[in-house]
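Counting in the UniProt record's numbering, the sequence shown runs without a single skipped number right up to 518 at its last residue. As structure tokens, the structure follows; a few thoughts come after it.
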Amino acid sequence: MTDGLEDEIERVRRLAADVWLAMTPEQADQIQGVLSRLDRQQILSDPILLNASIMSRHLTTRAGSEREEYGLVASSAGVSEYCAKAVQTTSSIDDLIGYGRILIVGVRAAGDLARAEEIGAFVERRVAALRNGAEVGPGIWIRPGQLALHRGITQTLMGEFATAMTSYRRAWTKRGEPPRLHFAGAEAAGNSAMLAAVEGHFEVAETWLGRLGQYQDREGWASHMTYLGEYIARGILAADALDLPAARRAAELAGPATQPVELWPFLAVQETAVELVLGNPQRAYAALRAAAFTHDHDVSHSAICGGILLRALLDCLVALGEGNRVLAAAEESGLVRALVPMARVHLLSGHPEEALRLADSAARRGDLARAGPARTAPPEGGGPAEMRGRGPGGRGVRLLQPARRPLLRGDAGTGPLAGVRPVVRTVRSGAPGARGSDEPERADPDGGGAPHPDGASGAAGADHRADPGEGGRDHLHLGEHHQDPRPFDLPQAGGRQPRRGDREGPRAAPAEVAHSTR
């Protein structure tokens, strides 16, 4: 390698690390011009060059396709395996964070959320061990809050919402300043608002949305990926408030749930909520089915993301008058999140006592979230007074709309639904994402336990269950627990979508590592 080429490589490294997701198409052309002169191994061996290659290729081939999240992938099927080896052997904190993030996203994209969380815990342990309490200045590679952000995304898709909120708070606390170091913090804030909105904690969601007001970079190629959680949150809040123009604007910014993005289940929830509040239950149901079909997911038995898709399906069925289907699907699922639709069926069918019992059960389990989709908005600028009722802050206060037709069609004691009882026999312990932690706090591998914006330690509530250490050995088991002796036993993308189980997640991208440049 000539001295001139070495100088050009170093210039590319510094440029890519500096501009990050703010890279322009012109800069991408410059980077591609240099990287095209290197072989694959030279690029793989340097995480900065690897990410520079991913981003610059995306910009030079898909400029303007800002919603094409999976254009940001590693084209080689061996990238995840290479990264798996690197995170176990490197002694550089910069490289560990770089390869670790790519590996977390790659395994998550293949649908193995439990393994992705295990890897995230392992990488954070190694970062903490390498720092060993010493003050380590950030290299040009370290992007503030990246590890915490990606653990939060993994936990979000697992349905561990409370744990994810803790990870997002850590990412927000360690955020850098715009225009180039804020991406992880901004995405974490948007995702926090999204989770709060989905769970019905509207004031918490508004607080996180307020923190996003300082960021103005909504036109760049990476803006949709960075602010998608914000758009979803705004759509859900607007639907709950019966603010139809705002709901439509948010839905347009977010786009349909058929997009190839990791947060598609939450997009589907927002899309369903907006269509239901617009009085379009058929369109809501069709959109939900289209999203599930596109992502090869069985929504009728869905437990991903804490069961939010099944809840959206039940909301649609209630609005369509399919009460028997609601009761059957809810009882089969055993999900706490299904209790509110069951209560609505009984209330709309003239059984207020049973509705009250189920609603009380849901409240005690922390799931009276998202009453919004149960209502239908009045026409813009008018409608019956009782449909325009607002509580404090202009938010709608009606939980249910009046029954317009029988929700329980025919005799539930005969036919294929014979014996279906309007109760949930078994309920999984605890609401999704409500798990707490009584374990001691630990140092924040992203940079130390500074308090997060809500006052708690940034390390509080970190998930230790997936800690890969066994018997005190700090080793990542990627190929020792399975009969198949494939090296590192990384999950192979392209297999069929898991149908059941809240530990599996939505498949994100085939045979590649998704948007590893965040």
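All C-beta atoms, glycine included, are put in the ideal place defined by N, C-alpha and C.
Item: Cβ pair count under 8 Å reaching 3, the stretch 96-108 against the stretch 153-162; Value: yes
Item: Same chain only: Cβ atoms within 6 Å of Ala257, ignoring 5 sequence neighbours per side; Value: Trp264, Leu267, Ala268, Glu271, Ala291
Item: Extent of the continuous alpha helix (DSSP H) to which Asn324 belongs; Value: 323-333
Item: Cα-Cα separation between Gly145 and Ala188, rounded to whole angstroms; Value: 9 Å
Item: Reduced DSSP category for Ser302 - H, G, I as helix; E, B as strand; rest coil; Value: coil
Item: Residue closest to Gly279, alpha-carbon to alpha-carbon, out of Ala251, Gly255, Arg311, Leu244; Value: Leu244
Item: Own chain residues within Cβ distance below 7 Å of Ala330, not counting five before or after; Value: Leu314, Ala338, Pro341, Met342, Val424
Item: Unbroken alpha helix (DSSP H) run spanning Leu356, endpoints; Value: 352-364
Item: Uninterrupted alpha helix (DSSP H) stretches inside the stretch 191-272 (no shorter than 4 residues); Value: 202-211, 223-240, 244-254
Item: When Ile102, Ile119, Pro352 are compared against Val79, the one with the closest alpha-carbon; Value: Ile102
Item: Reference Gly111, options Gln27, Ala251, Ile304, closest by Cα; Value: Ile304
Item: Backbone CA spacing between Pro352 and Glu262 [nearest angstrom]; Value: 39 Å
Item: Per-residue burial, Glu81 [other beta carbons within 10 Å of its own, 16 or more giving buried]; Value: buried
Item: Asn191 and Tyr168 closer than 8 Å at C-beta; Value: yes
Item: Test item: CB-CB of Gly159 and Ala171 under 8 Å; Value: no
Item: Same chain, Cβ closer than 7 Å to Ala116, neighbours up to 5 away in sequence not counted; Value: Ile104, Val107, Arg108, Thr154
Item: Proximity winner among Thr226, Ala239, Glu6, Leu147, relative to Leu38 (alpha-carbon distances); Value: Glu6
Item: Leu195 and Ala164 closer than 8 Å at C-beta; Value: yes
Item: Helix, strand or coil at Asn51 according to DSSP, with G and I counted as helix; Value: helix
Item: Contact check, Thr60 vs Asp29, beta carbons under 8 Å; Value: yes
Item: Arg37 - DSSP class collapsed to helix/strand/coil; Value: coil
Item: Bounding residues of the alpha helix (DSSP H) (the contiguous stretch that carries Glu124); Value: 113-131
Item: CB of Asp95 within 8 Å of CB of Ala86, strictly; Value: yes
Item: 6 Å CB neighbourhood of Glu10 in its chain, flanking five on each side removed; Value: none
Item: Beta-carbon gap between Pro178 and Asp217 smaller than 8 Å; Value: yes
Item: With 16 other Cβ atoms within 10 Å as the buried cut-off, status of Ser36; Value: exposed
Item: Own chain partners of Val12 with C-beta closer than 8 Å, once the 5 adjacent residues on each side are dropped; Value: Gln30, Ile31, Val34, Leu35, Leu49, Ala52
Item: Residue of Trp208, Ser91, Ala16 minimising C-alpha distance to Arg131; Value: Ser91
Item: Buried versus exposed call for Asp240 [16 or more other C-beta atoms within 10 Å across all chains shown]; Value: buried
Item: Backbone CA spacing between Ala284 and Ala362 [nearest angstrom]; Value: 24 Å
Item: Start-to-end residues for the alpha helix (DSSP H) that takes in Leu320; Value: Run containing Leu320: none; DSSP gives neither H nor E here.
Item: Cα-Cα separation between Leu212 and His182, rounded to whole angstroms; Value: 11 Å
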